[in-house]
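Step one of this worksheet: look at the structure below.
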Amino acid sequence: EPHLNVLREAMGVMQHHDAITGTEKQHVANDYARMLHRAVGACGANTKVVLNQIVDPKFKRSGRSGQPQDAGDYHAQPSPVYKFGFETCHLLNVSQCELTESKDSFTVTLYNPLAHAGHEYVRVPVPGGRYIVQDYRNVEVSTQLVPIPESVLNLNYRFSNATAELVFLANELPPLGFKSYFVTRAVDSLDDFIHEAKPLQPESPVGNDSTRWH
Amino acid sequence: SEEVTIGNKYLNVSFDSNGFLSTITIGGVTNRLRQTFVYYEGALGNNEEMRNRSSGAYIFRPNGTEKTVTETVQLRVVKGATVQEVHQTFNEWISQVVRVYADEGHVEFEWLVGPIPVEDGIGKEVVSRFYTAAQSGGVFWTDANGREMIRRVRNHRDTWNIGLLEKISGNYYPVTTKIALEDENLRVAVLNDRAQGGSSLQDGSLELMVHRRLLHDDAFGVEEALNEKAFGKGLVARGKHWVVFGAKQSASPTPEARERFLQNRMLLPNWLFFSDVGESTYEEWQ
Chain G
1 EPHLNVLREA
11 MGVMQHHDAI
21 TGTEKQHVAN
31 DYARMLHRAV
41 GACGANTKVV
51 LNQIVDPKFK
61 RSGRSGQPQD
71 AGDYHAQPSP
81 VYKFGFETCH
91 LLNVSQCELT
101 ESKDSFTVTL
111 YNPLAHAGHE
121 YVRVPVPGGR
131 YIVQDYRNVE
141 VSTQLVPIPE
151 SVLNLNYRFS
161 NATAELVFLA
171 NELPPLGFKS
181 YFVTRAVDSL
191 DDFIHEAKPL
201 QPESPVGNDS
211 TRWH
Chain A
215 SEEVTIGNKY
225 LNVSFDSNGF
235 LSTITIGGVT
245 NRLRQTFVYY
255 EGALGNNEEM
265 RNRSSGAYIF
275 RPNGTEKTVT
285 ETVQLRVVKG
295 ATVQEVHQTF
305 NEWISQVVRV
315 YADEGHVEFE
325 WLVGPIPVED
335 GIGKEVVSRF
345 YTAAQSGGVF
355 WTDANGREMI
365 RRVRNHRDTW
375 NIGLLEKISG
385 NYYPVTTKIA
395 LEDENLRVAV
405 LNDRAQGGSS
415 LQDGSLELMV
425 HRRLLHDDAF
435 GVEEALNEKA
445 FGKGLVARGK
455 HWVVFGAKQS
465 ASPTPEARER
475 FLQNRMLLPN
485 WLFFSDVGES
495 TYEEWQ
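Chains G and A supply the protein sequences, listed in that same order. Note that the working numbering has the first sequence beginning at 1, numbered continuously upward. Note that the working numbering has the second sequence beginning at 215, numbered continuously upward.
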């Protein structure tokens, strides 16, 4: 409840026409962004608990139950023992996600808020290589690795190792439900393994840019 | 230097030898669909009287008509079974990805604009503009908070005879989720991922303002120019437009119905969560 109240309060402040249209002074706009980010982050705890309960109805949140965590330090608190972390990556719009860039195995869970089945082409920032994506029925999903555009790679405040996005189709997303995919970075063969061992060398451009990626 | 085409089983889009999107082909029928970026220079006034207002946080007031950003666009083409993309570079501060997913009936435009250069002391308001051959007769449609579509007519007001002093901004309207136009054959809709200003300043064309950077306050109270920065440089904005193009007489679902479903998907999107699975194998996870 305290987390939801942080978001309620932020949304209360944002009813002001300034917050909607951007006619406030810059430092006020920055403060609005700060309030919203903190509030949405605080509610990340709520979504984690709910998703863990949906995933595993027997799940009971351990750790400090019932204590209203001060949302201000929701980052600081060691999150109680969750079966699944269900982290959010807020910078997917500039192809940045620390978890998917650094882990060789991870899951992607999509929660469909609509009242009818949905689908989505998922884009996950990765440092390159080959990936296997499986759904919960052990069905392997076809994937494609797409280079991140130069103009995004060159953004002066993007701190990421990702050079490509792993793209795959998540379909049959149940209404008001979720579906998870297991993503594994594949080490195919010995030379891949050797390649893995070495830090990834930026590929030498073969021909001009367009032929390289055709 | 050659024409480039990407697409899927429903549609193909082609780019001309200068790198601009030029046509869309659906069901074997090719129609004109050109897209480019232009910008308006922000008017600079002393704000004393109405006619001397500057363009600013409260006001969109261009100084003259649009400026083009380039004559040629650099392309990089990526083709695969799941998605086909064209990465366009218009100049140092405008780029875009045009993509067609294998099983989608629309075209996605992911634009990236900024930092908008102002070394010349001129504020700039950047617009993405789509051109088609539709004979729209000055009529276009903009949504009201994602619901009702309101009929707009260029240089016209329903309830009084207007004498427009601002020929461009006087035809701009708030577009929360969609702007569209049609004639008896064609309909084109552009869905946006955030509220933007938009218009149709010539028959068959639609435009949406994606980013703006202004250097003078417009004297409506904020007493600050709309000149947002990040890390000491002008703000960079990134967003998406989705284009639904089709014959007006399509069988069900009608183009409008397809737009509505897409609008729901894009504006009430799936929530993505990521979990580290540590050393678990797939079987253990399953």
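For glycine and all other residues, C-beta sits at the position ideal for the given N, C-alpha and C.
7 Å Cβ shell around residue i - same chain, five flanking residues per side excluded
i, result
"E442 (chain A)", "L449"
"E398 (chain A)", "K462"
"A10 (chain G)", "M35, L36 and A39"
"D432 (chain A)", "N261, R267, S268, S269, G270, A271, Y272 and I273"
"S494 (chain A)", "none"
"V94 (chain G)", "V152, L155 and R158"
"W213 (chain G)", "Bear in mind that the predicted position of W213 (chain G) carries a pLDDT of just 33, short of 50, making it unreliable; the figure below should be weighed with that in mind. Within the same chain, W213 (chain G) has close Cβ partners P147."
"E322 (chain A)", "R313, K454 and W456"
Neighbouring residues, chain A, relative to residue i (Cβ below 9 Å)
i, result
"P113 (chain G)", "L482, P483, N484 and W485"
"V108 (chain G)", "L486, F487, F488 and S489"
"E87 (chain G)", "F487, F488, S489 and D490"
"T163 (chain G)", "Correct list: empty, because the minimum Cβ distance to chain A is about 13 Å."
Own chain, CB closer than 8 Å to residue i, minus 5 neighbours either side, in chain order
i, result
"Q477 (chain A)", "G360, T391, K392 and L405"
"D70 (chain G)", "In this prediction, D70 (chain G) has a pLDDT of 43, which is less than 50 and means its spatial position is unreliable; what the coordinates show is noted afterwards. Same-chain partners within the cutoff: P2."
"Q96 (chain G)", "C89, P125, R158, F159, S160 and A162"
"G294 (chain A)", "none"
"E140 (chain G)", "I132, V133 and Q134"
"L173 (chain G)", "L110, N112, A117, G118, H119, E120 and K179"
"E438 (chain A)", "A271 and D431"
"A347 (chain A)", "N245, R246, L400 and G418"
"P127 (chain G)", "E101, N161, A162, T163, A164 and L200"
Cβ-based neighbour list, residue i, same chain, cut-off 6 Å, excluding 5 preceding and 5 following
i, result
"M363 (chain A)", "W355 and D357"
"N222 (chain A)", "V314 and A316"
"E280 (chain A)", "V252 and Y254"
"Y181 (chain G)", "V108, V133 and D135"
"A394 (chain A)", "W355 and A403"
"V283 (chain A)", "F251, F304, N305 and I308"
"D192 (chain G)", "Reliability of the predicted coordinates at D192 (chain G) is poor, the pLDDT of 48 falling under 50, and no value is obtained from them."
"L258 (chain A)", "S268 and H430"
Span of the beta strand (DSSP E) around residue i
i, result
"P388 (chain A)", "Y387 to V389"
"D490 (chain A)", "W485 to D490"
"G221 (chain A)", "V218 to G221"
"M363 (chain A)", "M363 to V367"
"Y253 (chain A)", "V243 to E255"
"L169 (chain G)", "A164 to L173"
"E339 (chain A)", "K338 to T346"
"L235 (chain A)", "L235 to I240"
"S413 (chain A)", "Q410 to S413"
"H301 (chain A)", "V297 to N305"
"N226 (chain A)", "L225 to F229"
"P147 (chain G)", "T143 to P147"
"Y131 (chain G)", "R130 to D135"
Beta-carbon neighbours of residue i, restricted to chain G and to distances below 9 Å
i, result
"L326 (chain A)", "V94, P149, S151, V152 and L155"
"D317 (chain A)", "H119, Y121, L169 and N171"
"Y496 (chain A)", "S105, I132, Q134, N138, F182 and T184"
Chain-ordered chain G contacts of residue i [CB-CB under 8 Å]
i, result
"G448 (chain A)", "Neighbours of G448 (chain A) on chain G: none; closest Cβ ~11 Å, over 8 Å."
"E442 (chain A)", "Q26 and A29"
"E438 (chain A)", "K25 and Q26"
Residue i - containing alpha helix (DSSP H), residue span
i, result
"S151 (chain G)", "E150 to L153"
"Q26 (chain G)", "Q26 to V55"
"Y496 (chain A)", "Y496 to W499"
"I20 (chain G)", "H17 to T21"
"H3 (chain G)", "P2 to V13"
"P469 (chain A)", "P469 to L481"
Chain-ordered neighbours of residue i on chain A, where CB pairs are closer than 7 Å
i, result
"G118 (chain G)", "R479 and N484"
"C97 (chain G)", "F488"
"F159 (chain G)", "Those do not exist, as F159 (chain G) stays about 11 Å from chain A at its closest Cβ, beyond 7 Å."
DSSP beta-bridge partners of residue i
i, result
"L405 (chain A)", "A:K392 and A:W456"
"P276 (chain A)", "A:G256"
"A444 (chain A)", "A:K447"
"G177 (chain G)", "G:N112"
"V436 (chain A)", "Answer is none; V436 (chain A) lacks a bridge partner."
"A316 (chain A)", "Answer by DSSP bridge pairing: none, since A316 (chain A) is not bridged."
"H425 (chain A)", "A:V340"
Chain G residues whose Cβ lies nearer than 7 Å to that of residue i
i, result
"A271 (chain A)", "G22 and T23"
"R370 (chain A)", "One point to set straight first is that residue 370 (chain A) is His, not Arg, in the sequence displayed. Chain G residues near H370 (chain A): none, gap ~25 Å exceeds 7 Å."
"Q500 (chain A)", "Y136 and N138"
"F445 (chain A)", "N156 and Y157"
"R452 (chain A)", "N93 and V94"
Heavy atom of the ligand MN within 6 Å of residue i beta-carbon
i, result
"L378 (chain A)", "What this structure holds is no ligand at all, so the ligand MN is not there to describe."
Proximal residues of chain A, C-beta to C-beta of residue i below 8 Å
i, result
"V187 (chain G)", "Within chain A, no residue comes near V187 (chain G); the closest Cβ sits about 15 Å away, beyond 8 Å."
"Q144 (chain G)", "G294, A295, T296 and V297"
"L36 (chain G)", "In chain order: nothing, as chain A lies at least about 14 Å away."
Segments of 3+ residues assigned as beta strand (DSSP E) that fall wholly inside the region 84 to 126 of chain G | Counting only runs of 3 or more, we get 105 to 112 and 118 to 126.
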